[in-house]
């Protein structure tokens, strides 16, 4: 063989780094969860929207909201400029579902109702370094209202989020929606006389409140502190007097919403924008109460500071409060599964005019992991009934059985592998998670009957029953061919 005709190496059968494949149960459980969420959003009057997976880099804004480096974080490429075809534009896979919504709201502003209420579910892509539990492709589930400046829109999003969590199976008491407001923080910064060039640094430090606590944040806002490794972290340089309103803001959560709001009024001092923010929180609390969303489901909580650099008004986060065991066997609270807020400046990039907007994004993979941790996922992921093949020449009869089951709304399939070894057929049914196997040999066919084997009960008997009980085969029954559907229905319950 000539050197230039050497056999090409086989490609590696492996998933690209940072990506993963989703198999049966993963896809089914996610679909069930998203369908339940979509039903809640639909009930609230929101319409579904599907946007292209590809946007222009210009429309995406060229960078992620939480990444400081221009052009970082997206999978982008330049389209070839060809006659009558590509324009040479830079294109990118969408990194979230909000930027495409802003483009849609601007592009179709004359056709869409205003306010426009939409929900969207689908994959997004981020060109970031992958790590444990951190992937470059993942699902998001968003709901947004574009075109309403009323805090009633924010209150509705919070109520809808609480309803969605309960719809997927998270019990009341196992979650809480926490609500804050960027305007309150602006008022606090004003009361603290923080310079504009210090504001971003202050935001970054108060974002560490959950991790380092009150004293840690105080040090970071003033003279700095040592981290756990002993490294010196430079402080923002505020005085103790300047830091006081910030700390009062972070620690103003009271026994109930009324007490929290009173503490926040004190924290913002004479700031007009701060007072406006506190007033908005008071309105949201009142509207949630009117919608039947009590403080056991949603509360005003100033400790929610993530995203305050991005949002322009109310901000909210859904947190699951039950404990799970981590990879080292230690108990920990599950944590946040959704977040959102008001972002009035996003559509303005396209139109030059401010367009009020508010919305929430649910972390699909995290919420599904929470449901699995609570044993609340998987009941719908049952495999199909498997019709076994005892005689190749009677394949049409077996297909007819499966068709009858499917016509009755029962998931079913005929075994299409090599039927020679019956044991392999039952192994296949087990691997498929099949609840029932249907068996009909020549003798049963002549008598007009079928054997129906309850595989779930059979497995339990094999594990627990005595030898005599096992030999009695209580998990396998013989019924007439006409009663096949009724018997399978009975077993499936």
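Residue numbers (UniProt numbering): 1 to 493.
We put the beta carbon where it would ideally sit given N, CA and C, even for glycine.
Item	Value
For residue 341, name the three-state secondary structure that DSSP assigns.	strand
Could you check where the beta strand (DSSP E) with residue 276 kicks off and where it finishes?	Element bounds for residue 276: not the beta strand (DSSP E) but the alpha helix (DSSP H), 272-290.
Where does the unbroken beta strand (DSSP E) through residue 477 begin, and where does it stop?	476-480
Check whether the segment 351-366 touches the segment 137-156, counting contact only when three or more Cβ pairs, one atom from each stretch, lie closer than 8 Å.	yes
Measure the CB-CB distance between residue 250 and residue 206 and report whether it falls below 8 Å.	yes
Residue 134 by DSSP, collapsed to three states: which one?	strand
Could you pull out every unbroken alpha helix (DSSP H) segment of at least 4 residues lying fully inside the segment 388-434, listed in chain order?	395-407 and 422-431
Comparing alpha-carbon positions, which option in 485, 372 and 434 lies nearest residue 26?	372
According to DSSP, is residue 192 helix, strand or coil?	coil
Quick check on this structure: which residue in 474, 242 and 414 has the alpha carbon closest to the alpha carbon of residue 459?	474
Relative to the C-alpha of residue 188, which residue among 271, 167, 106 and 361 is closest?	271
Any idea which residues DSSP pairs residue 139 with across the strands?	123
If we call anything under 8 Å between Cβ atoms a contact, is residue 348 one with residue 336?	no
Over the uninterrupted alpha helix (DSSP H) stretch that includes residue 216, give me the two end residues.	209-221
Answer with buried or exposed for residue 423, where buried requires no fewer than 16 other C-beta atoms within 10 angstroms of its C-beta.	exposed
Quick check on DSSP: helix, strand or coil for residue 255?	coil
To which residues of the same chain is residue 114 closer than 6 Å at the C-beta, ignoring the five residues directly before and after it?	147
Considering only C-alpha positions, which residue in the set 56, 92, 102 and 13 is nearest to residue 346?	102
Measure the C-alpha to C-alpha separation of residue 400 and residue 476 and round it to an integer number of angstroms.	21 Å
Alpha carbon to alpha carbon, how far is residue 286 from residue 293? Give it in angstroms, no decimals.	10 Å
Give the range of the alpha helix (DSSP H) segment to which residue 56 is assigned.	Looking at the DSSP string, residue 56 is not in any alpha helix (DSSP H); the run it does join, the beta strand (DSSP E), is 54-56.
Would you call the CB atoms of residue 500 and residue 280 closer than 8 Å?	Lying outside 1 to 493, the shown extent of the chain, residue 500 is not represented and no answer is given.
Could you check whether residue 461 and residue 299 sit closer than 8 Å to each other, using their CB atoms as the reference points?	no
Are three or more beta carbon pairs between the segment 218-231 and the segment 241-257 nearer than 8 Å?	yes
If I measure Cβ to Cβ from residue 295 and keep anything under 7 Å in the same chain, skipping five residues before and after, which residues do I get?	256 and 257
With residue 92 as the anchor, note down where its beta strand (DSSP E) starts and where it stops.	90-93
Cβ atoms of residue 449 and residue 478: under 8 Å apart, would you say?	yes
Taking buried to mean at least 16 other C-beta atoms within 10 Å of its own C-beta, is residue 22 buried or exposed?	exposed
In its own chain, which residues sit with a C-beta less than 7 Å from the C-beta of residue 17, not counting the 5 before and 5 after it?	130
Given a cut-off of 8 Å, decide if residue 117 and residue 45 are closer than it, judged by their beta-carbon atoms.	yes
For residue 162 and residue 297, which I take to be in contact (beta-carbon distance under 8 Å), what is that distance rounded to the nearest angstrom?	5 Å
Is the Cβ-Cβ distance between residue 51 and residue 120 less than 8 Å?	yes
Pair every Cβ in the segment 191-200 with every Cβ in the segment 391-405, then say whether three or more of these pairs are closer than 8 Å.	no
Does DSSP put residue 170 in a helix, in a strand, or in coil?	coil
Could you have a look at residue 303 and say whether DSSP puts it in helix, strand or coil?	coil
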